[in-house]
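Student: Using our numbering, the first residue of the sequence shown is number 5, and each one after it goes up by one. For glycine and all other residues, C-beta sits at the position ideal for the given N, C-alpha and C.
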Amino acid sequence: MKREEKRALTIGHLYPDLLNLYGDRGNIACLMKRCLWRGIEAKTVEFESEDSVDFSRLDIVLLGGGSDREQMLVCEKLKRIRENFQKYVESGGVVLAVCGGYQLLGKYYNTREGVIEGLNLVDLYTEQGEGRLIDNIVLQSPLCKMPVVGFENHGGRTHIQGNKPFGKVLYGSGNDGKSGYEGVIYKNVIGTYLHGPLLPKNPQICDYLLKKALERKYGDGTLAPLDDKQEREANAYMVKRLLK
Ligand code: GLN
């Protein structure tokens, strides 16, 4: 018997006016669509840098990528929401933070132009390195069976201390170009350098986030299967092309 769907999720998009590189907004479109296709209600609330954020209304928070200049501007605004953001994270709130947003989850991002203070929500830090790490990237993540594919472009090298990485690098540079790992997983937070946008290219990661958000809100993370044939083919094509 078909379950009667009454669940609804609210996605908070933080600072799209400053943090929105390489189509990171596509992550929102993917979260919304994969809810709506299943009859789960979904809405997105955008918060610009001057807005206050009520985290108690949010089920998923997205923090996108930005240039060093934009990160510097954002870091001032973040101080005002830090405490509530931390409560949200510690109570299992779902967060996807990409590239500049990922760096801002940590203690600091040390650039040649100065230190950008982070939210200090996850024990990690970033140092600007020589040159930028730019290429396609493939990972194997503990969060899904399919390899995770994306595109990275960052000057920062991130050190995740004892935290769990988002994946093992099969192709590309990852967190620092040396450790062989990419991103971070902390509670229900994923921090990653992967643009693409990430979620349309990796629907299993999108469903992981939806499941976690539904479990937290309703104690029921059941998700009806979707036909991901095209997404799987696109993913397999990139994996084959890059890993040969
Ligand atoms: N400005 C940061 C860096 O270069 C993040 C870049 C990004 O978000 N793509 O490391």
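With H, G and I counted as helix, E and B as strand and the rest as coil, what does DSSP make of K335?
Tutor: Limits of the chain in this structure are 5 at one end and 248 at the other, which puts residue 335 out of reach.
Student: Say yes only if the C-beta of L25 is nearer than 6 Å to one or more non-hydrogen atoms of the ligand GLN, and no if none qualify.
Tutor: L25: yes, Cβ under 6 Å from the ligand GLN.
Student: The ligand GLN and N157: does the residue's C-beta get closer than 6 Å to at least one heavy atom of that ligand?
Tutor: Checking every heavy atom of the ligand GLN against the Cβ of N157, one is found closer than 6 Å.
Student: Assuming N24 and L203 form a contact by the criterion Cβ under 8 Å, report the distance between their Cβ atoms to the nearest whole angstrom.
Tutor: The Cβ separation is near 15 Å, so there is no contact.
Student: Is there contact here, the stretch 51 to 61 with the stretch 117 to 133, by at least three beta-carbon pairs under 8 Å?
Tutor: Output reads no: the stretch 117 to 133 does not touch the stretch 51 to 61.
Student: Taking the beta strand (DSSP E) that L100 belongs to, which residues open and close that run?
Tutor: Element bounds for L100: 98 to 102.
Student: Would the beta-carbon of V173 fall within 7 Å of that of E186?
Tutor: It is a contact, given that the beta carbons lie within the stated cut-off.
Student: Heavy atom of the ligand GLN less than 6 Å from the Cβ of C103, yes or no?
Tutor: Yes - the ligand GLN has a heavy atom lying nearer than 6 Å to the Cβ of C103.
Student: Short of 6 Å in beta carbon distance, which residues of its chain neighbour Y92, apart from the five on each side in sequence? Order them along the chain.
Tutor: For Y92, where only same-chain residues beyond five positions count, the Cβ hits under 6 Å are F59.
Student: Measuring CA to CA, which of Y112, N167, D21, E117 is closest to G67?
Tutor: Just to set this straight, residue 67 is Leu in the shown sequence, not Gly. Here the closest residue by C-alpha is D21.
Student: Let me confirm a value: Y241 is counted as buried when at least 16 other C-beta atoms fall within 10 Å, else exposed. Which label applies?
Tutor: The residue in question, Y241, is exposed, as its Cβ has fewer than 16 Cβ neighbours within 10 Å.
Student: Whose C-beta lies closer than 6 Å to the C-beta of M76 among residues of the same chain, with five residues either side of it excluded?
Tutor: Cβ within range, chain order: I120.
Student: Is it the case that the Cβ atoms of K215 and N192 are separated by a distance below 7 Å?
Tutor: Not closer than 7 Å, so no.
Student: Can you give the beta carbon distance from V99 to D28, rounded, assuming they're within the 8 Å contact cut?
Tutor: Actually they do not touch by this definition, with Cβ atoms about 13 Å apart.
Student: Find the nearest neighbour of T14 within the set I64, R42, C34, judged by alpha-carbon distance.
Tutor: Out of I64, R42, C34, I64 has the C-alpha closest to the C-alpha of T14.
Student: Nearest to L18 by CA position, among E117, E52, A46, is which residue?
Tutor: When each option's Cα is compared against that of L18, the closest is E52.
Student: Cβ of S71 versus every heavy atom of the ligand GLN: is any distance shorter than 6 Å?
Tutor: Result yes, Cβ under 6 Å from the ligand GLN.
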